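Novice: Heads up: the sequence lines are chains V and R, in that order.
Residues in the first sequence are numbered from 0 upward in steps of one, following numbering that gives the first Met the number 0.
Residues in the second sequence are numbered from 0 upward in steps of one, following numbering that gives the first Met the number 0.
Where a beta carbon is used, it is the ideal one built from N, C-alpha and C, also for glycine.
Since this is a predicted model, take the numbers as computed values, not measurements.
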Amino acid sequence: MYAQMVESGQAGTTDQDRAFQDKIDRNVRIEPRDWMPEGYRKTLLRQIGQHAHSEIVGQLPEGNWITRAPSLQRKAILLAKVQDEAGHGLYLYCAAETLGKSRDEMTRELLAGKAKYSSIFNYPTLTWADIGMVGWLVDGAAIMNQVPLQRCSYGPYSRAMIRICKEESFHQRQGFDIVRTLMEGTEDQKKMAQDAFNRWWWPAIMMFGPPDGDSVHSEQSMKWGIKLNSNDELRQKFVDQTVPQAEWLGLNVPDADLKWNEERQSYDFGTPDWDEFFAVIKGNGICNRERLDARNKAWDDGAWFRDGLMAHAEKNTHKIAAE
Amino acid sequence: MTPFATFCLRMGDNALILGQRTGEWCGHAPVLEEDIAFANMGLDLIGQTQQWFGMIAEELGQSPDKLAFFRGEREYLNTLLVEQPNTDFAHALMRQYLFDAWHLPMLEGLVTSSNQQIAELAAKAVKEVRYHIDRSRDLIIRLGDGSDESHRRMQDALDWLWPFTADLLARDDADAALVAEGVIPEGERIATRFAQETAETFAKATLTAPEGPRRTGGRTGNHSEHMGYLLAVMQSVPRAHPDARW
Chain V
0 MYAQMVESGQ AGTTDQDRAF QDKIDRNVRI EPRDWMPEGY RKTLLRQIGQ HAHSEIVGQL
60 PEGNWITRAP SLQRKAILLA KVQDEAGHGL YLYCAAETLG KSRDEMTREL LAGKAKYSSI
120 FNYPTLTWAD IGMVGWLVDG AAIMNQVPLQ RCSYGPYSRA MIRICKEESF HQRQGFDIVR
180 TLMEGTEDQK KMAQDAFNRW WWPAIMMFGP PDGDSVHSEQ SMKWGIKLNS NDELRQKFVD
240 QTVPQAEWLG LNVPDADLKW NEERQSYDFG TPDWDEFFAV IKGNGICNRE RLDARNKAWD
300 DGAWFRDGLM AHAEKNTHKI AAE
Chain R
0 MTPFATFCLR MGDNALILGQ RTGEWCGHAP VLEEDIAFAN MGLDLIGQTQ QWFGMIAEEL
60 GQSPDKLAFF RGEREYLNTL LVEQPNTDFA HALMRQYLFD AWHLPMLEGL VTSSNQQIAE
120 LAAKAVKEVR YHIDRSRDLI IRLGDGSDES HRRMQDALDW LWPFTADLLA RDDADAALVA
180 EGVIPEGERI ATRFAQETAE TFAKATLTAP EGPRRTGGRT GNHSEHMGYL LAVMQSVPRA
240 HPDARW
């Protein structure tokens, strides 16, 4: 789930608003040229923007290991994966542009710290095992949210999500495969995997956002078909799916309260440290400053490149005009 | 080492070290399209590395990963050009273009190699590299003939990197033996194509290749000081866990 706590707009009460809601209730996709309430447009822009920014910032913790991937095959796979993430950012910015906001404008908001991205990318990737955890847990959690979003009410977003989901499921499998290989390896490799699992488990659980009771923006987004499941529903699904995988791998889930609930046919699990979550969201995570600094540096250092291409294009326009 | 193994190792090392430098840009390029392009080129280059190393693994008794992660800098046979650092994006683009301008005629020559394995590898790689040079040439022209600053940066990168192109074009006895057997194209043919390609492109880009001393040595394991650091980063994990599989 790369969009967290997206502030939701308000629905109007005019005939047009009612007709719009009726379309959504009948599962008719909304397309860029269709009328839409301003609140719907703004909420979508915030959500798609957050998702796009997360893909872009998400290149950094994984890019951190491209130069150190421990085999040629792993290096190739990681390059392909990070390339996919940047591609997802590109589709999502394009989807957002259909709502009337340019990529440059969204980029400026990200660089100024005004636009959010997923809290998860403010955690550091300290060992090679972290790359396994990012694929298995982080992409795994993202897929939980993105699969239903393939049916979201806004056409361009839902279509982008269909393509993204195909690639993300491959990403999750490659993460799982890294962890599996480590767990079948030397004692040091097993330790490395358990250590990374201990550090990524709770941040992954928190990716789904605060508990439903505290999730103030969900209701309207759900009515509009922009958000399709509640945070807690998705979190439970993630835990139920992931715990048996961890057990199969031989990893210990770092949660003393975790136990199977026969009656619910689901796992009961402990409460994450929500203070940590809100601290990260507010900019006080381990890597918030590094991530934004890296993006700002890339943008500032690249100014001459973008300006140079514009200057060349202008010269060519003059040449064509003169001919 | 046989001339065949020496040649394949040089080709593989060039691809690996340039792929490693290219991969450093991930998430740090000036626009999103360049992040994607650099990751994509890196991916092609690492794929080519695996194939070159795969071809000589048996002869050398070392797996491709062993060749990549457990040789020291004196044993690496890549050209000096590809190991040069990412000083700025202009250097990265110019390094890529100069390499492509040599790589393309080399691979085109290898498509008709008398060695079937090499011919097959080249037939696949040449498609990737045609795309690489289309992209890099286009950016050299647009940025050379762009703003004052982009021109200055591209000229600076060319001044810095041009001397290392001598190492791309260098030839020795191993090459001569393979030319005689029809395994690799003649050096002169590649040098001519390289000169034509770069002259046309730099004229359009309003850039000037500098006169002066040329640098060689990488192909025989005499590298710049950058190489040791590059390998230290790249090899750190396998060397810390020599018994591990990844």
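From which residue to which residue does the alpha helix (DSSP H) around K126/R run?
Specialist: As a first step, residue 126/R is located in the second sequence; it is residue number 127 there, counting from the start. Element bounds for K126/R: Q115 to G143.
Novice: Out of P60/V, R234/V, K318/V and P69/V, state which residue places its alpha-carbon closest to the alpha-carbon of D64/R.
Specialist: Position 65 of the second sequence, counted from the start, is the residue given in the question as residue 64/R. When each option's Cα is compared against that of D64/R, the closest is P69/V.
Novice: Leaving out the 5 sequence neighbours to the left and right, which residues in its chain are closer than 8 Å to G112/V when beta-carbon positions are compared?
Specialist: Counting from 1 along the first sequence, the entry for residue 112/V is found at position 113. The residues are G282 and L291.
Novice: Report the neighbours of Q188/V on chain R: residues whose CB is nearer than 9 Å to its CB, in chain order.
Specialist: As a first step, residue 188/V is located in the first sequence; it is residue number 189 there, counting from the start. Within chain R, the residues near Q188/V are H240, A243, R244 and W245.
Novice: Looking at S220/V and V5/V, is the spacing between their C-beta atoms short of 9 Å?
Specialist: Taking the first residue of the first sequence as position 1, residue 5/V is located at position 6. Taking the first residue of the first sequence as position 1, residue 220/V is located at position 221. Yes, the Cβ-Cβ distance between V5/V and S220/V is below 9 Å.
Novice: At 3 residues or longer, and completely inside the segment 26-105 of chain V: list those beta strand (DSSP E) runs for me, N to C.
Specialist: If we require 3 residues or more, the segment 26-105 of chain V turns out to have no beta strand (DSSP E) run fully inside it.
Novice: Tell me which residue opens and which closes the alpha helix (DSSP H) that D223/V is part of.
Specialist: As a first step, residue 223/V must be located in the first sequence, where it is residue number 224. The residue asked about is misnamed: residue 223/V is Trp in this sequence, not Asp. Counting along the chain, W223/V falls outside any alpha helix (DSSP H), and DSSP gives it neither H nor E.
Novice: Quick one: what does DSSP say S265/V is sitting in, helix, strand or coil?
Specialist: The count along the first sequence starts at 1 and reaches residue 265/V at position 266. Here S265/V sits in strand by DSSP.
Novice: Ignoring anything shorter than 4 residues, give me the alpha helix (DSSP H) runs that lie fully in the segment 233-283 of chain V, in order along the chain.
Specialist: Counting whole runs of 4 or more residues, the segment 233-283 of chain V contains the alpha helix (DSSP H) stretches 273-278.
Novice: Over what stretch of residues does the alpha helix (DSSP H) that includes P84/R continue unbroken?
Specialist: If you number the second sequence from 1, residue 84/R lands on position 85. No alpha helix (DSSP H) holds P84/R; DSSP gives it neither H nor E.
Novice: Just checking my contact of V81/V with Q58/V at CB under 8 Å: how many whole Å lie between their CB atoms?
Specialist: As a position in the first sequence, residue 81/V is number 82, starting the count at 1. As a position in the first sequence, residue 58/V is number 59, starting the count at 1. About 5 Å; that satisfies the 8 Å criterion.
Novice: I'd like to know if T66/V contacts chain R, where contact means its C-beta is closer than 9 Å to some C-beta of that chain.
Specialist: Numbered from 1 along the first sequence, position 67 holds the residue referred to as residue 66/V. By this cut-off, T66/V is an interface position.
Novice: M226/R: beta carbon under 8 Å from a heavy atom of the ligand ZN?
Specialist: Judged by which ligands are present, the structure shown has none, so any question about the ligand ZN falls away.
Novice: Do the CB positions of F98/R and L17/R come within less than 9 Å of each other?
Specialist: Along the second sequence, one-based indexing puts residue 98/R at 99. Along the second sequence, one-based indexing puts residue 17/R at 18. Yes.
Novice: Under the assumption that I23/V contacts G224/V (Cβ atoms under 8 Å), give the Cβ distance between them as a whole number of angstroms.
Specialist: For the purposes of this step, residue 23/V is taken as residue 24 along the first sequence, with counting starting at 1. For the purposes of this step, residue 224/V is taken as residue 225 along the first sequence, with counting starting at 1. Between G224/V and I23/V the Cβ distance is about 5 Å, and since that is below 8 Å, they are a contact.
Novice: Consult DSSP for Y96/R and reduce its assignment to one of helix, strand or coil.
Specialist: Along the second sequence, read from residue 1 onward, the residue named residue 96/R stands at position 97. The answer is helix: DSSP assigns Y96/R an H, G or I state.
Novice: When you check each C-beta in the segment 236-258 of chain V against every C-beta of chain R, which residues fall closer than 8 Å?
Specialist: If the cut-off is 8 Å between Cβ atoms, the segment 236-258 of chain V has nothing near chain R.
Novice: Name, in chain order, the residues that DSSP records as bridge partners for Y153/V.
Specialist: Position 154 of the first sequence, counted from the first residue, corresponds to residue 153/V. In the DSSP output, where bridge partners are listed per residue, Y153/V has I29/V.
Novice: Within the same chain, show all residues whose beta-carbon is closer than 7 Å to that of V128/R, passing over the 5 residues directly before and after it, in chain order.
Specialist: Translated into the one-based positions of the second sequence, residue 128/R becomes position 129. The residues are D99, H102, L103 and L106.
Novice: Using only CA atoms, which one of P212/R, A202/R, D12/R and C25/R lies nearest to E84/V?
Specialist: For this step, residue 84/V is matched to residue 85 along the first sequence. Nearest of P212/R, A202/R, D12/R and C25/R to E84/V, Cα basis: C25/R.
Novice: Just to confirm, is the Cβ distance from G301/V to G145/R under 9 Å?
Specialist: Residue mapping note: residue 301/V aligns to position 302 of the first sequence, counting from 1. Residue mapping note: residue 145/R aligns to position 146 of the second sequence, counting from 1. Against a cut-off of 9 Å, the Cβ pair of G145/R and G301/V comes out as no contact.
Novice: Rounded to whole angstroms, what's the CA-CA distance from A2/V to A140/V? Just pull it up for me.
Specialist: Taking the first residue of the first sequence as 1, we reach residue 2/V at position 3. Taking the first residue of the first sequence as 1, we reach residue 140/V at position 141. About 12 Å.
Novice: Closer than 8 Å between beta carbons: that is the criterion. Which residues of the segment 72-87 of chain V meet it against chain R?
Specialist: Here the close residues are Q72, R73, K74, A75, L78, A79, V81, Q82, A85 and G86.
Novice: Among F268/V, H216/V and H52/V, which has the Cα closest to the Cα of K236/V?
Specialist: Taking the first sequence and counting its residues from 1, the one referred to as residue 236/V is at position 237. Checked all of F268/V, H216/V and H52/V; the closest Cα to K236/V is F268/V.
Novice: Mind pulling the chain R residues with CB within less than 9 Å of K314/V?
Specialist: Numbered from 1 along the first sequence, position 315 holds the residue referred to as residue 314/V. Neighbours of K314/V on chain R, chain order: D144 and G145.
Novice: Tell me the rounded alpha-carbon separation between L59/R and D87/R.
Specialist: As a first step, residue 59/R must be located in the second sequence, where it is residue number 60. As a first step, residue 87/R must be located in the second sequence, where it is residue number 88. Using only the alpha carbons, I get a separation of about 37 Å.
Novice: Report yes or no: do three or more beta-carbon pairs, one from the segment 33-45 of chain V and one from the segment 161-179 of chain V, lie closer than 8 Å?
Specialist: No, they do not touch.
Novice: By the criterion of Cβ-Cβ separation under 9 Å, what are the contact partners of F88/R in chain V?
Specialist: Within the second sequence, numbered from 1, the residue matching residue 88/R stands at position 89. Those are D300, G301, W303 and F304, listed as they occur along chain V.
Novice: Answer with yes or no whether the minimum CB distance from W135/V to chain R is below 9 Å.
Specialist: One-based indexing of the first sequence puts residue 135/V at position 136. No, its Cβ sits nowhere closer than 9 Å to a Cβ of chain R.
Novice: Excluding the 5 residues preceding and the 5 following R73/R in the sequence, name in chain order all residues of the same chain whose CB lies nearer than 7 Å to its CB.
Specialist: Mapped onto the second sequence, residue 73/R falls at position 74. Excluding positions up to five away in sequence, the list reads G220.
Novice: Only counting the same chain, and skipping five residues up and downstream in sequence, which positions put a Cβ closer than 8 Å to that of V110/R?
Specialist: Taking the first residue of the second sequence as 1, we reach residue 110/R at position 111. If we look at V110/R and ignore the five residues flanking it on each side, its Cβ neighbours are A118, A121, A122 and V125.
Novice: Short of 7 Å Cβ to Cβ, which residues in the segment 35-58 of chain R face chain V?
Specialist: Here the close residues are I35, A38, N39, G41, L42, I45, G46, T48 and Q49.
Novice: Taking all protein chains shown into account, do 16 or more other C-beta atoms lie within 10 angstroms of the C-beta of K258/V, making it buried, or fewer, making it exposed?
Specialist: One-based indexing of the first sequence puts residue 258/V at position 259. Exposed, by the Cβ-count rule.
Novice: Are there three or more Cβ pairs, one per stretch, closer than 8 Å when the segment 42-55 of chain R is compared with the segment 2-17 of chain R?
Specialist: Verdict: yes, contact present.
Novice: If you measure from the beta carbon of Q193/V to each beta carbon in chain R, is any gap under 9 Å?
Specialist: As a first step, residue 193/V is located in the first sequence; it is residue number 194 there, counting from the start. It does not: the Cβ of Q193/V has no partner Cβ on chain R nearer than 9 Å.
Novice: Assess contact between the segment 196-204 of chain V and the segment 127-142 of chain V, defined as three or more Cβ pairs (one per stretch) separated by less than 8 Å. Is contact present?
Specialist: Yes, since at least three Cβ pairs between the segment 196-204 of chain V and the segment 127-142 of chain V fall closer than 8 Å, the two stretches touch.
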